[in-house]
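So the protein sequences, as listed, match chains A, D, H, L and Y. With the first letter of the first sequence counted as 1, position 133 gets the number 133 in UniProt numbering; the numbers rise by one all the way through. With the first letter of the second sequence counted as 1, position 50 gets the number 50 in UniProt numbering; the numbers rise by one all the way through. With the first letter of the third sequence counted as 1, position 60 gets the number 60 in UniProt numbering; the numbers rise by one all the way through. With the first letter of the fourth sequence counted as 1, position 629 gets the number 629 in UniProt numbering; the numbers rise by one all the way through. With the first letter of the fifth sequence counted as 1, position 60 gets the number 60 in UniProt numbering; the numbers rise by one all the way through. Here a beta-carbon is modelled for each residue, glycine too, at the ideal position from N, C-alpha and C. Predicted model only: the values in this text are computed from it and were never measured.
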Amino acid sequence: MKFPYLKEAIKSAFKKPSTEPYPKVNKEAPEGYRGKIKYYPEKCVNCGLCIRVCAPGCITRTIEKVEEGDKVTFTFYQGQCTFCSLCADFCPRGAIELTKDYHLAVTDPKDLIVSGTFIKKAPPKPPVQPQNQPAAKNQESNA
Amino acid sequence: MILVNYIACIILIVLGFYVILTKKNILKIIIGMGLVDYGINLLIISIGFNPGGTAPIFTFSELRPESFFVDPVPQALTLTSIVIGACVTAMALSLVIKIKEKYGTLDADKVRRLNG
Amino acid sequence: MLKELIAKSFEKSPWLFHLNTGSCNGCDIEIVSVITPRYDAERMGFKLTGTPRHADIVLVTGPITSQSKDRLIRTLAQVPDPKVVVAIGSCPRSTNVFNGSYSVEGPLDKYVPIDVSVAGCPPKPEAIIDGLAKAIEILKEKRRAMK
Amino acid sequence: MQHYPILSIVTLFLGAFLTVIFGSKNETVRKFIALVASSISLILVLMLIKPVMIENNVIQYWMGNWRPIHDWAIGIGLEVDSLGLFFGIIAVVTIFLSIVFSFRYTEKDSETDKYYVLFLMLSGSVLGLVFTGDLFNMFVMIEIMTFAAVGLTAFRNYQEGALEAALKYLVLGSIGSSLVLAGTITIYSQVHTLNMAQISALLFNNLTPSTLFAFALLLAGYSLKAFVVPFHPAAPDAYMSAPSSISMAFSGMVNKAGVYAIIRLVYVLYHAMSFKSIQLLLIIIGTITMFVGVTMALAQNDFKRLLAFHSISQIGYVITAVGVSTALGLTAGLYHALNHTLFKGLLFLTAGAVFYATGTTDLNKLGGLAKKMPQTAAVFLIGAFSISGLPPFNGFVSKWLVYQATYQANLAPVTIVALLVSVMTLASFIKVAQSIFFGQMPKEFENVKEVPLSMRIPMWIMAILCVLTGIFPNFVTKYLISPAVSAALNVGKYIDIMMGNGYAEKILGKPVEIPAVDYVLAGYWNPVAWLVLFALLLLAVTIVAVAGGFNTASLPVDGDDSKYEVFFGGEANEYSHVKGNDLFWGLKYDLRHYFGFMHDAHSGIINDYALWAIFTTTIFIVYIFLLVP
Amino acid sequence: MVVLSYLFYVLVFPGLLFSTIVGLILSGIDRKVVARMQKRIGPPIIQPFYDFFKLLGKETIVPRTASRKTFLYAPVIGLLALVTVALFIPMFKFTAISTVADIIVIIYLLTIPAVALIIGGAASGSPYAGVGISREMVAIISYELPLVIVLLTIGKKVGMALNNGAITFSLSQIVNYQAQYGPMITKWSLIPAAIALLLIIPIKVGSVPFDIAEAETEICEGPLVEYSGVPLAIFKLNHAIKMFIMTSLFVTLFLSGKGTGILIVDILLQVILSAIVVIVSISTLKAITARLKVEQVLKFFWTYPTALALLSLILVWMGF
């Protein structure tokens with residue numbers, strides 16, 4: 001019959017509890033925590049790298065043709081996100097950021113959607129060139 | 001004379017118990033029970049026996065203090081006991097027949113489906 | 001008066017039942033950490049029970065594998081009313097990285113309505129506590145609707 | 001009134017003969033004869049309660065009117081004192097209920113005329129045994145009893161082990177009978193009389209080696225008939241393979257006949273309870289009996305075999321309490337004997353009902369029968385709670401008296417063992433409840449039905465008696481137990497009634513005194529308790545009313561969905577039942593050496609059992625020779 | 001009038017209402033203290049009330065395999081037995097019903113809630129319940145042996161002083177003895193018995209490390225697995241009342257004394273002492289240990305507490 005924690009238990013009973021009073025006092029997440037996704041559409045260049053690296057496929061993109069160019073909408077569905085931060089790391093322009101905000105409990109799944117829209121101006125129409133192939137290549141890389 | 005009786009009945013009883021304890025054949029165990037029975041019957045008779053006594057046939061008017069006779073009660077007891085012993089043996093033998101039919105053996109070591 | 005007491009008690013003593021439907025254990029560990037001294041969900045009356053019959057709130061983790069689908073449906077049916085289903089982590093909400101796998105039959109809302117979902121992979125314990133707080137509100141409403 | 005005892009015995013034997021003559025062809029006739037014979041004998045014995053128990057008379061009856069001449073008994077006499085009548089009442093109630101139960105229970109058997117013949121002979125012999133005043137007559141009756149019991153054990157000879165059990169019972173029984181006979185004639189050789197009253201008078205302060213030897217033999221012989229522990233191994237086999245109505249009779253009266261004979265022997269015949277060593281001997285064998293019986297019962301997998309080991313265990317309580325030998329102890333012992341008849345009879349009947357409905361009593365094959373046989377389950381629970389000694393059932397009262405008697409006699413270890421045995425009894429009945437009546441039902445018992453009314457009536461009578469003797473203990477002790485206790489202690493009166501007034505004083509050399517049956521019953525039930533009970537019932541009703549959840553009609557009807565299946569880790573509801581073998585793992589594991597030893601010891605070989613019996617007899621002889629004088 | 005007073009005893013004090021409130025508060029204290037010993041904040045002390053009332057509002061499900069009546073009535077039977085025991089336990093000088101206060105009656109009545117739990121669990125037809133009742137029964141067998149010896153020891157000690165050496169089991173005599181000679185705990189020969197009883201209390205109320213029957217992580221709360229709603233609430237209430245009764249019994253057996261003579265103060269004292277016993281025996285063990293295995297429980301109780309109790313018994317027998 002050994003009670004190795006007896007002393008500690010009795011000592012702790014008279015100490016202040018180590019519980020964090022969370023809902024009353026908001027708590028900062030630690031440095032480097034990957035929480036809620038923040039998307040800066042103004043920085044985005046619609047390169048699509050993030051979609052390529054996203055494992056669960058939580059990023060969707062819709063492109064609408066409007067007068068000025070393409071209306072690009074990026075939708076991040078956090079209900080499907082693993083918060084791996086690969087998209088942010090790969091984004092060449094720093095348009096995606098994983099904040100320290102962890103308040104991700106919602107009753108309506110729509111609240112989990114982060115989306116941003118920007119209009120990517122269509123480039124001025126290039127003169128028609130005899131060689132088609134390089135132009136196609138250029139277009140592709142733009143897309 | 002009477003001592004021989006006692007010795008004989010003790011031998012019979014002990015022999016009977018010996019057979020019950022050591023013999024594995026159920027038939028022999030029943031013979032052992034019979035031996036014990038006979039030993040006890042002999043004991044009863046011997047207890048009632050008075051050397052030189054007459055047969056115990058009297059009416060109350062004939063009974064006198066000096067009349068010397070064999071105790072009649074043990075004889076009655078012996079008769080009862082013999083009858084009961086015979087019944088028990090008959091019962092046991094009928095069981096043995098049934099057991100032989102059902103188990104195919106009379107070995108006490110094998111007739112032990114109920115144990116533990 | 002008894003009714004008021006009962007209604008009041010519903011927000012003070014929600015009991016949890018934890019259901020793992022093929023989770024990677026990340027969320028499970030976070031659920032356990034909610035009841036550790038640091039977060040101590042018991043101070044708000046939360047208690048992990050061992051059987052669905054005692055539960056008010058069911059915490060579902062994992063992307064509903066085909067092995068666990070029938071078990072999930074059966075177990076959820078066995079919880080007495082009123083009950084609240086909370087999806088912990090992204091998996092039950094949307095099957096997360098397992099999306100499209102041959103053995104995953106999620107997401108959860110194909111089978112039962114999800115009342116609260118806590119996103120995260122895994123969610124932080126604080127987020128789970130937030131989710132539970134929301135679940136209590138829903139539990140109260142369901143109780144009111146029941147009567 | 002003088003003739004009631006002999007008539008009640010003769011009726012039963014006559015019934016047996018009439019059944020042979022008229023009942024062999026017609027089912028109804030033999031049932032009618034059995035019912036009439038048993039009810040006449042029941043009524044005759046119950047009519048004796050008023051003169052014997054309440055007015056405290058002792059009925060003596062000389063067969064053929066051969067009264068004692070010159071203070072010497074030469075005829076065979078019947079003597080019914082309260083002690084004998086107490087056991088007589090136990091016997092006739094058992095007989096009557098068992099006969100009623102048999103009517104439907106044996107309907108699947110052929111040749112039930114033999115069953116009724118043997119049963120009536122068994123009943124008659126037990127009544128004869130408890131009413132007789134003649135030592136040799138006791139031997140004859142006990143021999144008839146054994147004989148009939150063996151026949152009845154082998155009645156269902158198609159059943160596994162019935163023949164074997166009968167053979168074991170026969171061999172051991174005949175060893176016991178031989179011991180009894182040898183003891184009887186050894187006494188006869190010393191005192192030249194067979195009348196128990198006269199023997200008792202002549203043996204007072206007159207113990208010679210021969211009479212001590214006879215005492216040891218008789219004690220061993222009657223212990224064998226009561227199945228106390230080293231003599232017990234034939235009992236479970238026989239109880240298990242006999243039909244349940246017979247098992248009930250075995251535990252209700254055949255066992256009790258042995259107990260009665262022991263009480264008669266040590267209290268009346270030999271005045272032996274003044275010897276500390278005899279008290280100790282009875283207490284030791286009683287304690288061993290109760291402990292071994294209950295631990296063996298825990299390990300059993302057959303309902304009836306388990307009950308049989310409990311019979312042994314409860315007889316241990318009786319013997320222990322009788323061995324304490326104070327008025328309180330004897331009260332406890334007799335009360336427990338009465339209760340044992342009631343609850344064990346009830347339990348054997350439920351076993352019979354289960355067998356009737358399902359065709360098996362194996363704990364590992366049954367399950368969930370409470371849904372199909374609710375009444376049987378209810379009476380089983382009453383019986384199980386009674387035998388485990390839960391208040392307010394009767395087992396509690398008598399066990400409580402046993403504890404009180406033992407601790408007042410400064411026998412703390414015995415009290416500890418008795419309480420432990422009580423808990424283990426509870427454990428083994430929990431095992432039965434779980435494996436037979438609760439849990440899930442195997443598929444093959446879907447069509448099981450509740451047993452017919454004529455089988456339920458005896459069970460309910462027994463159950464009601466269990467409750468009544470539990471909540472009216474003062475009533476029972478006043479009208480049944482105390483007279484019997486005072487009769488057991490009042491040897492002088494027993495002698496005087498038989499041999500004529502003044503005989504006892506002449507031989508014993510001291511005036512006949514009426515023994516004091518006084519003990520403080522640290523009241524368990526008194527008028528206050530009634531008020532409490534009333535208030536509690538009111539409380540229960542209130543709770544039920546307030547909660548509302550107990551209004552079973554308002555609960556949703558069992559749907560087909562999985563909501564109403566048991567929680568099984570989410571798995572589909574398949575048959576899964578924790579059976580008798582699976583229970584009490586920790587206990588079995590910790591005590592595995594003990595259980596293993598006991599299992600090996602009960603080897604099932606006749607020679608071994610005979611060896612135990614003879615060895616224990618030898619120990620008795622040596623003990624009594626060494627310690628008594 | 002008498003009927004009314006007994007109704008009051010049964011329903012209000014010291015019966016149903018009083019023992020319910022005190023029992024629930026004690027179990028709240030227990031939970032709070034355990035939490036503090038583990039450096040947690042812990043639930044509020046009235047948390048058990050919330051649990052109880054919440055369960056009253058839940059749906060009651062009766063499984064298909066269950067024997068309905070047995071399943072539903074088992075908890076009520078247990079509650080009735082506990083209320084009855086509450087009437088018998090003296091609080092210093094006060095007892096509701098003193099004439100029938102006998103320890104053996106109390107021991108048997110205290111077995112009834114456990115049996116009710118077992119029968120209720122068995123009636124549910126769940127295999128988890130089957131395992132649970134098996135364990136519960138092993139637990140009962142385990143603690144019964146030392147418990148009996150402890151009570152016998154006290155009976156002997158009191159009997160030697162008041163009853164000419166014959167053992168007494170009367171609770172009122174035990175209280176009288178302590179009123180005359182001071183609390184039982186001050187007799188050094190009885191200290192081992194007191195320790196043994198302190199070890200028995202947790203298993204009797206089924207708390208960690210002896211909660212083998214209701215191990216929620218292994219066998220899904222054992223016998224309680226199929227219970228929900230009102231019957232479950234009553235079982236939880238039984239649990240709480242059992243905690244109060246066992247600790248109160250300890251106080252009566254070991255810490256009782258003259259009392260102050262004022263009824264309310266005495267009762268308050270009894271409750272406070274009970275709470276201290278709860279903290280010492282239940283909460284401390286709960287905070288620092290993990291659940292034992294079934295066979296370990298039996299082995300533990302048949303060695304340490306039994307040995308302690310026997311030591312006391314022998315000491316008392318020798319006249320110390």
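- Of the other Cβ atoms in all chains shown, fewer than 16 fall within 10 Å of the Cβ of Arg592 of chain L; this residue is therefore exposed.
- In the DSSP secondary-structure assignment, Ser115 of chain A is bridged to A:Thr75.
- Each of L:Val354, L:Leu363 and L:Leu401 was checked against the Cα of Lys371 of chain L, and the nearest Cα belongs to L:Val354.
- DSSP places Arg144 of chain H in no beta strand (DSSP E) but in the uninterrupted alpha helix (DSSP H) bounded by Pro125 to Met146.
- Comparing C-alpha distances from Asn25 of chain H to each of H:Arg74, H:Thr61 and H:Phe98 shows the shortest one belongs to H:Thr61.
- If you look at Val60 of chain H, you'll find it in the beta strand (DSSP E) that goes Ile57 to Thr61.
- The criterion of a C-beta distance shorter than 8 Å is satisfied by Thr361 of chain L and Ala351 of chain L.
- DSSP places Gly259 of chain Y in the coil class of the three-state scheme, outside both helix and strand.
- At least one CB of chain L lies nearer than 8 Å to the CB of Asp70 of chain H.
- Not one beta carbon of chain H lies nearer than 8 Å to the beta carbon of Glu136 of chain Y.
- With the criterion set as a beta carbon lying under 7 Å from some beta carbon of chain D, the members of the segment 222-237 of chain L are Asp237, in sequence order.
- Contact of Lys2 of chain A with chain Y is not assigned, every C-beta pair being separated by 8 Å or more.
- A direct Cα-Cα distance of roughly 13 Å separates Val105 of chain Y from Ser422 of chain L.
- A residue is called buried once 16 or more other Cβ atoms fall within 10 Å of its Cβ, and Val128 of chain A, having fewer, is exposed.
- Between the C-alpha atoms of Cys84 of chain A and Val84 of chain H there is a straight-line separation of about 29 Å.
- Contacts with chain Y (Cβ-Cβ distance below 8 Å) from the segment 49-73 of chain H involve Thr49, Gly50, Thr51, Arg53, His54 and Asp56, listed in chain order.
- For Thr99 of chain A, the secondary structure class from DSSP, reduced to helix, strand or coil, is coil.
- The Cβ of Pro23 of chain A sits no closer than 8 Å to any Cβ of chain Y.
- Put simply, the backbone Cα of Leu203 of chain L is about 26 Å away from that of Val52 of chain L.
- Look at the segment 16-57 of chain L and you find these whole runs of alpha helix (DSSP H), each 4 residues long or longer: 27-47.
- In this structure, Leu366 of chain L lies away from Met459 of chain L, with their beta-carbon atoms at least 8 Å apart.
- Annotated as distal: Lys187 of chain Y and Trp317 of chain Y, with beta-carbon spacing of 8 Å or more.
- Neighbours of Ser576 of chain L in chain H, taken as residues whose beta carbon is under 9 Å from its own, are absent, since the nearest beta carbon is some 15 Å off.
- CA-to-CA, the gap between Ala384 of chain L and Leu80 of chain Y works out to about 19 Å.
- Taking every protein chain shown into account, the CB of Val32 of chain H has fewer than 16 other CB atoms within 10 angstroms, so this residue is exposed.
- Collapsing the DSSP output to three states places Met318 of chain Y in coil.
- Bridge partners of Phe94 of chain Y according to DSSP: Y:Met91.
- Against chain Y, the CB of Ser18 of chain A has a partner CB under 8 Å away; the residue lies at that interface.
- For the segment 75-91 of chain D, the set of residues with a beta-carbon nearer than 7 Å to any beta-carbon of chain L comprises Leu77, Thr80, Ser81, Ile84, Cys87, Val88 and Met91, in chain order.
- CA-to-CA, the gap between Ile46 of chain Y and Leu17 of chain Y works out to about 15 Å.
- In terms of Cα proximity to Phe343 of chain L, the closest of L:Thr376, L:Asn394 and L:Phe309 is L:Asn394.
- Under a 10 Å Cβ-count criterion, Ala76 of chain D is classified as exposed, with fewer than 16 other Cβ atoms of the shown protein chains found around its own Cβ.
- Here Asn65 of chain L is exposed: its Cβ has fewer than 16 other Cβ atoms, across all protein chains shown, within 10 Å.
- When CB distances to chain A are screened at a threshold of 7 Å, the residues of the segment 104-123 of chain H falling below it are Asp115, Val116, Ser117, Val118, Ala119, Gly120, Cys121 and Pro123, in chain order.
- Of all residues in the segment 81-98 of chain H, only Asp81 and Pro82 come within less than 8 Å of chain Y when Cβ atoms are compared, listed by chain position.
- Here Ile245 of chain Y really is in contact with Leu82 of chain Y; their C-beta atoms are around 6 Å apart, less than 8 Å.
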